[in-house]
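Student: Quick note, the sequence shown lines up with residues 0 to 127 if you use numbering that gives the first Met the number 0. Right, I'll just put the structure down here and ask away after.
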Amino acid sequence: MESKLIQIVEDDADLALALGIRLRANGYSVVTSQDSITAVTTAKNSTPDLIILDLGLPGGDGFVFLSRLRSLMHLALIPVIVLTARGADSEVKALQAGARAFFQKPADHDALLAAVADLLAPATPAIG
Ligand code: CA
């Protein structure tokens with residue numbers, strides 16, 4: 000099976016690298032963007048299966064990226080996990096903006112990987 004592609008949108012290069020290594024070790028392909036403008040271009044060009052999104056970003060914060068993404072028809076349904084140093088009010092705002100999960104830094108990578116796997120799992124057909 001072809002590996003799922005995950006886009007990391009994160010301006011902290013060390014964190015993006017560490018997370019990318021963990022994801023690749025778990026069989027995912029990874030593409031990284033460091034600001035929200037190139038992140039939109041990369042999403043358009045590579046159509047990732049899932050996006051892990053920082054909120055504090057150059058070029059417009061994560062919410063700006065989310066609204067750009069949501070305005071692009073073929074990208075609007077990509078699941079997004081927000082990973083940020085920001086606190087609880089950002090969680091509410093992120094989920095309202097369409098993020099599927101929220102992790103505060105420093106996030107437990109095992110929990111984050113579990114959320115990734117969960118969001119990428121094929122929908123289970125309803126029984127009965
Ligand atoms: Ca940041």
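Even glycine gets a Cβ: it sits at the ideal position worked out from N, Cα and C. Predicted, not measured: the structure shown is a model, and the values here were computed from it.
(1) Could you give the C-beta distance for V115 and I5, rounded to a whole number, given that I count them as a contact under 8 Å?
(2) Any residues whose CB sits closer than 6 Å to a heavy atom of ligand 2? List them in chain order?
(3) I'd like to confirm the pairing. Which residues does DSSP put opposite V30 in its beta bridges?
(4) Go ahead and pull the three-state DSSP assignment for T83.
(5) Assuming contact is defined by CB atoms lying nearer than 7 Å, are D60 and L52 in contact in what I supplied?
Tutor: According to the data block:
(1) Taking the sequence shown and counting its residues from 1, one reaches residue 115 at position 116. Taking the sequence shown and counting its residues from 1, one reaches residue 5 at position 6. V115 to I5, Cβ: 7 Å. Contact.
(2) Ligands in the displayed structure: ligand 1; ligand 2 is not one of them.
(3) Position 31 of the sequence shown, counted from the start, is the residue given in the question as residue 30. V30 pairs with Q6.
(4) On the sequence shown, position 84 is the one that residue 83 refers to. Strand, per DSSP.
(5) Locating residue 60 in the sequence shown gives position 61, where the first residue counts as 1. Locating residue 52 in the sequence shown gives position 53, where the first residue counts as 1. No, these two residues do not count as a Cβ contact at 7 Å.
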